[in-house]
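The structure appears right after this line, and notes come after that.
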Amino acid sequence: ISLRQGLMAGVESSPPRLGVVFDERMCLHEDPLDPGHPEQPARVSAIFEELSATGLLRGVLRVPATPAADKDLLRVHTEDWVERSDDLAGMAVEQLVGEAARFDSIFLNPQSVEAARLSVGGTVNLTRKVLSGKCFNGAAIVRPPGHHGEAHCAKGFCVFNNVAVAAAVARDELGLDRILIVDWDVHHGNGIQHMFEDDPRVMYVSLHRYEGAKFYPCSTDAAPSRVGKGAGKGATVNVAWNRGGMGDADYLWAVRRVLRPIARQFKPQLVIISAGFDAAKGDPLGGCRVSPQAFAHMTAECCAATAPGRCVMVLEGGYNLRSIATCFAACVRVLRGEAPPPYSRFLRPSKAARQAVRATMRAHAKYWRLRDPDLEEGQEEDGVMFVDPTIFGTHALCVSRSRLHRFYPLRWKFVQYPAPMA
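Position in the sequence shown (first residue = 1) + 671 = this note's numbering.
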């Protein structure tokens, strides 16, 4: 029997490549004063419809969203906030409008807390399924988003911190001690950073607009100089853009020069992506121009950073319905085992991107082995080419349809993708 025949013989008994969470009850969370609010129910329904229309939901494991348990919320949130949120759930709309005004950029209706608990619970359920081997990777189509949510309060469209709770469950309940959170939302995930900045077991890497703390959430905590606290120093990594308009070359440059080398040294047992798509082209709030193709490549880098079957993507921001649907779908293709679409041109990052990446590298030089951040202009290091990964041949099929759990790194010029070991 050939190797290929042997691999394909295990297809029927192998776990699904992808687990997906989606629950229409999350659509009940809506601004009672402004139905056209950017963080609207159509965000998740647009993504689900795109995945359905393109066949990307075929063969996936549908993971149910159940309300998050108090014990899980309390891993990162204060008891006062959890109890207060329960009180909010019983209030009338008029009261909730007044309560929402007490927070920074929050709206509430009678279904908001239920939706927020489902958002967290679905993310946690999916993470458990992935780590138990019930599916290889996961995609959580959830709202309200979470990365701005602080331990003690709601903030920035976020009620509870979905990704932080899932990471804490993986750490406390499942015993993981190397968890990598990659946040490419255009806004800094202040909540996630604050919850883990003194914990070396959870690394937080964020690529975001900063602009001297003038871009939301408007805090110097998002600066590249913020590297963590105490034992967690070196486990908070901020790549802070100082202008808008950043595109594919800029983001992939940061991935290559910062995320990839640090992730290789950290050796995560689980990668959770805080997948905001407000840096995408056409987003009304983000002001950047990242393509679905670049998001696919960033997803591939996250998958390559950990053992196969250990990557969970969780929706954060993104407010152009078409953009978030196509970008999320592009990432799902990679999570299902497809190689990202190749670039046919040399990508050259902007001067602003090089400066931002150098600032991050300097801040982390004492914690990680990084290349010299002050390489001269004109050298090869000033650009990045993501080549056609068709060198996979039939291997790409094997990755997505077999039960292989051993990989070796396939290096091709500047790009690294996982390939199966026979």
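For glycine and all other residues, C-beta sits at the position ideal for the given N, C-alpha and C.
Hey, how far is the Cα of residue 749 from the Cα of residue 959? 35 Å
Within a Cβ cutoff of 6 Å, which residues of the same chain sit near residue 1032, ignoring the five residues on either side of it in sequence? 1041 and 1044
Going by beta carbon distance, what residues of the same chain come within less than 7 Å of residue 972, once the five residues before and after it are set aside? 926, 930 and 931
Within the same chain, show all residues whose beta-carbon is closer than 7 Å to that of residue 633, passing over the 5 residues directly before and after it, in chain order. The displayed coordinates of the chain run from 672 to 1093. Any statement about residue 633 would go beyond what the structure contains.
Name the one or two DSSP bridge partners that residue 814 has. According to DSSP, residue 814 bridges with nothing at all.
Quick one: is residue 987 buried, meaning 16 or more other Cβ sit within 10 Å of its Cβ, or exposed? buried
Pull up the CB-CB distance for residue 865 and residue 902, whole angstroms please, since I reckon it's below 8 Å. So it is not a contact: roughly 16 Å between Cβ atoms.
Short check: CB of residue 890 to CB of residue 830, under 8 Å? no
Backbone secondary structure at residue 794 - three-state DSSP: helix
Pick out whichever of 846, 843, 909 and 851 has its Cα sitting closest to the Cα of residue 861. 909
Tell me the rounded alpha-carbon separation between residue 688 and residue 721. 19 Å
Under 8 Å, do residue 950 and residue 957 count as touching if we go by C-beta distance? yes
Per DSSP, what kind of secondary structure is residue 990 in: helix, strand or coil? coil
The stretch 1016-1032 contacting the stretch 736-747, beta-carbon criterion three pairs below 8 Å: no
So, do the stretch 804-815 and the stretch 751-761 have three or more beta carbon pairs nearer to each other than 8 Å? no
Leaving aside the five residues before and after residue 770 along the sequence, list all residues of the same chain whose C-beta is less than 8 Å from its C-beta, in chain order. 759, 762 and 779
Helix, strand or coil for residue 725, going by three-state DSSP, please let me know. coil
With a Cβ-Cβ cutoff of 8 Å, do residue 732 and residue 800 count as a contact? yes
Helix, strand or coil at residue 755 [DSSP, three-state]: helix
Counting along the chain, where does the alpha helix (DSSP H) carrying residue 922 start and finish? 919-925
Taking DSSP as the reference, what is the three-state secondary structure of residue 1028? helix
Given residue 996 as reference, the closest of 952, 868, 777 and 1027 once Cα atoms are compared: 952
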